[in-house]
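Scroll down for the structure; my scribbles are underneath it.
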Amino acid sequence: MKHENVIVGDRYGNENYMVKFTPNKENPEPMFKIGDKIAKAVYISKYLNADKNGVPCSLPGCDPMRCISFENAEKKCREKGEGWHLLTNAEWMYLYNESVKNGTIPHGNTNYGYYEKNTNESGINVNGSGATLTGTGPATWYHDHTLDGVADLCGNVWEMVTGLRLQNGEIQYIENNDAAVCDAGEDSLKWETITADGKKICFSVNNEKNKITIRKGTKHTGWNGIAYKDLKIKKSVMAAAGEKLREIGIIPDDYKNEDAYIWIDTELTEAIPCRGSCFTLASFGGVASLRLNYTRTSSNSNVVGFRSAYVELETGNGKTVKAAEADGKEMTE
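Residues in the sequence shown are numbered consecutively from 1, following UniProt numbering.
Rendered as structure tokens:
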């Protein structure tokens, strides 16, 4: 996994601690595929974003920015300048997949400042709130188990990401990493569905039986949360769409042995995703945890945050867009 730490300026002149990733030239991962282009690099906030005079910034040792709606977080990330955006589902999945592949699945603050599975691991608490200051945990709280990685993917606060959603239980996504630059609004035409035998794939929630199923069409509506290992998936769905469900992170590769929880609400017209769990979840949490029961306008949760990212693309005239261009700063290690 090739990555390096850099500092990137935004249009407001703020410095952001970022981790720069470059694509596999022979077989670029979905994170680097944007429209018909391959990104030269993707820069992901090293830290959960903090509030710096109303601007979300990636800074160490800060209180994560919380109690903000998905819509507002997305808007504030875009306002940082061309190429900036709310972390996408494709970008989050890249980090998760690399962690799994390299045997460095991140630990984190899943129990009020401590890692539930090893309370010797802790971060610096935010005024007794249960959250921890960004990046203050041990190396195992980074995605590669080194301090050069991306911090706090697991626990601390849930991370809102863009490019994935449920619509009345129906699973929808935006292809590859197009959500980094396109309109991902509720009425965007970029949303795609997953089908099996010509039927749309949906979540079905049966509260009476405490059961969540991925099937063709929604049979039961409701909201609930269960361990991934208890999730039911129809065989016809796995045969037709198992690979896509794993690619977009609806299920982990080894979901049948995963203790982390998934929460679903099929009654919402639109449910946006929050990933990675938070400091309150204890044994229910973990980096694989997924919430699809949140809305675009919810803004009162102190356990939900986000991080920004930046894509570097070649424009049509061959000019390289750089995040620091607006204020004349260069990206530096």
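Where is the CB? At the ideal position from N, CA and C, for every residue including glycine.
These numbers come from a predicted model, not from an experiment.
Taking buried to mean at least 16 other C-beta atoms within 10 Å of its own C-beta, is residue i buried or exposed?
i	result
residue 273	buried
residue 60	exposed
residue 319	Residue confidence for residue 319 is low, a pLDDT of 41 falling below 50, so the modelled location carries little weight; the figure read from the coordinates is stated next. Under this definition residue 319 is an exposed residue.
residue 90	buried
residue 10	buried
residue 146	exposed
residue 156	buried
residue 239	exposed
residue 121	buried
residue 187	exposed
residue 267	exposed
residue 74	buried
residue 189	exposed
residue 97	buried
residue 88	buried
residue 314	exposed
residue 119	exposed
residue 2	exposed
residue 109	buried
residue 124	exposed
residue 35	exposed
So what's residue i in DSSP terms, helix, strand or just coil?
i	result
residue 166	strand
residue 56	strand
residue 67	coil
residue 73	helix
residue 32	helix
residue 6	strand
residue 326	Here residue 326 scores only 31 on pLDDT, less than 50, and its place in the model should not be relied on; the value that follows carries that caveat. It is helical.
In its own chain, which residues sit with a C-beta less than 6 Å from the C-beta of residue i, not counting the 5 before and 5 after it?
i	result
residue 76	56
residue 247	none
residue 41	20, 22 and 312
residue 234	215
residue 335	The shown model of the chain, from 1 to 333, leaves out residue 335, and the question about it has no answer.
residue 28	38
residue 307	45, 48, 49 and 87
residue 182	190
residue 138	121
residue 207	222 and 224
Can you give me the Cβ contacts of residue i inside the same chain, cut-off strictly under 8 Å, excluding the 5 residues immediately before and after it?
i	result
residue 299	67, 68, 69 and 72
residue 253	100 and 246
residue 95	44, 143, 150 and 153
residue 269	167 and 168
residue 192	172, 173, 174 and 175
residue 218	168, 169, 170, 202, 203, 204 and 266
With a threshold of 7 Å on Cβ separation, who are the neighbours of residue i within its own chain once the five nearest residues in sequence on each side are excluded?
i	result
residue 316	Residue confidence is low: residue 316 scores 45 on pLDDT, short of 50, so the model does not pin down where it sits. Its coordinate-derived value is still stated next. Answer for residue 316: no residue qualifies.
residue 201	171, 194, 195, 214, 216, 237 and 241
residue 78	84 and 85
residue 51	65
residue 297	69 and 71
Taking 8 Å as the CB-CB cut-off, is residue i touching chain C?
i	result
residue 183	This model lacks chain C altogether; it includes just one protein chain.
Could you pull out every unbroken alpha helix (DSSP H) segment of at least 4 residues lying fully inside the stretch 236–297, listed in chain order? Along the length of the stretch 236–297, whole alpha helix (DSSP H) runs at least 4 residues long do not occur.
Ranges of the alpha helix (DSSP H) found wholly within the stretch 81–139, counting only runs of at least 4: List check, alpha helix (DSSP H) in window: 89–101.
What ranges does the beta strand (DSSP E) occupy inside the stretch 161–230, keeping only unbroken runs of at least 3 residues that lie completely in it? List check, beta strand (DSSP E) in window: 164–167, 170–173, 199–206, 211–216 and 223–227.
Say whether the stretch 43–53 touches the stretch 2–17, bearing in mind that this needs 3 or more beta-carbon pairs closer than 8 Å, one atom from each stretch. They touch, by the three-pair rule.
Does the stretch 226–241 come within contact of the stretch 253–261, defined as at least 3 CB pairs closer than 8 Å? As far as the Cβ criterion goes, the stretch 226–241 touches the stretch 253–261, which means the pair count is three or higher.
Tell me whether the stretch 277–290 and the stretch 153–172 touch, counting them as touching only if at least three CB pairs, one residue from each stretch, are closer than 8 Å. Taking 8 Å as the limit for Cβ pairs, the verdict is that the stretch 153–172 does touch the stretch 277–290.
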